[in-house]
Amino acid sequence: MLVLGIAMLVALLLPLVTGGSYQRLLDTRVSWTWMLAAGLGVQLLLEFVSPPRQYWHNVGFGLLVASYALILAFVGRNLLLRGMSIVLIGIACNALVITVNQGMPVKLPPAWRNQSFAQATVKHHPRQPGEQLLFLSDIIVLRHPYDTVMSFGDLILAVGLCDVAFHASRRPRRRHRARRPVASPPVDPYALGVRSGRRPTGVEA
């Protein structure tokens with residue numbers, strides 16, 4: 171969540187730094203925002219109000235997968251926005267590794283194992299032997315002052331959010347269509363003869 175928060179903050183500052191327009195950013199048409207709100211709401215609930223541990227791998231995991239389905243549906247509905255395809259790739263990477271391992275495996279430095287922020291939740295748990303797709307899991311360690319671990323999917327997601335904000339804050343480019351040559355009307359030989367005072371060939375008086 172820390173990585174996502176930082177990425178969103180950077181994305182919101184991009185129009186200010188790059189000379190974009192916040193008005194254009196706010197006017198960007200986005201569909202199915204309720205799906206995004208519902209998906210993020212479920213993930214926040216699972217992260218901070220975790221159900222009893224005996225329900226983690228059934229009710230909790232089902233809610234986690236459902237939250238990713240809602241978020242992916244939102245992103246897919248808005249793929250026409252430039253940069254949203256990058257966001258889709260990042261979220262899909264995280265969703266894939268979470269689905270096959272029933273949660274996100276986290277590579278924890280030994281010094282962090284007893285810290286409160288490193289305790290297992292429905293979404294995150296310390297890496298276990300035999301888990302799959304670990305290269306997509308949380309393996310990028312950010313030490314003090316962040317003290318967090320992130321995945322390559324998080325990085326891709328952060329880049330995608332910045333890309334969306336950058337392009338949405340700018341005036342869309344107009345495509346110039348090549349003008350087709352106007353076809354000349356057929357020539358009437360009799361009319362040409364009248365104008366020039368000559369009698370067209372083959373025309374009798």
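Position one of the sequence shown corresponds to residue 171 (the working numbering), numbered consecutively onward.
Don't be surprised by glycine CBs; every beta carbon is placed ideally from N, CA and C.
A quick note: this is a predicted structure, and the numbers were derived from the prediction, not measured.
Taking a cut-off of 8 angstroms on C-beta distances, the region 304-324 touches the region 260-267, as three or more cross pairs fall below it. For the options R341, S201 and S220, the alpha carbon positioned closest to that of G230 is the one of S220. Bounds of the beta strand (DSSP E) holding V276 are M274 to V276. Contact annotation: the region 183-191 touches the region 328-340, with at least three C-beta pairs closer than 8 angstroms. Within the region 201-247, the alpha helix (DSSP H) runs of at least 4 residues that lie entirely inside it are, in chain order, 203-218 and 231-247. Only residues of its own chain outside the window of five on either side were considered, and among them G230, L233, L234, S237, T291, V292 and K293 have a CB closer than 8 angstroms to the CB of L216, listed in chain order.
Cβ-Cβ distances below 6 angstroms link I259 to I326 in the same chain, with the five nearest sequence neighbours on each side left out; the list follows chain order. Q272 and L214 have their C-alpha atoms some 17 angstroms from each other. Relative to A207, the option among A239, P222 and A177 whose CA is nearest is A239. Bounds of the beta strand (DSSP E) holding L312 are I310 to L312. For I309, the closest C-alpha among the options P275, D333, N284 and Q289 is that of P275. Under the DSSP assignment, T318 falls in the beta strand (DSSP E) whose first and last residues are T318 to M320. For S286 against N248, the beta-carbon gap comes to about 36 angstroms, at or over 8 angstroms, which does not count as contact.
A residue is called buried when at least 16 other Cβ atoms come within 10 angstroms of its Cβ; P185 meets this threshold and is buried. Put simply, of L250, C263 and H314 the residue whose alpha carbon is nearest the alpha carbon of V334 is L250. A direct Cα-Cα distance of roughly 21 angstroms separates V311 from G330. Within 10 angstroms of the beta-carbon of W226 lie 16 or more other beta-carbons, which makes it buried.
Shortest Cα-Cα distance from I256 to any of Y316, L183 and G323 involves G323. Between N228 and L278, the alpha-carbon positions lie close to 25 angstroms from each other.
By the neighbour-count criterion, in which 16 or more other beta carbons inside 10 Å mark a residue as buried, L179 falls on the exposed side.
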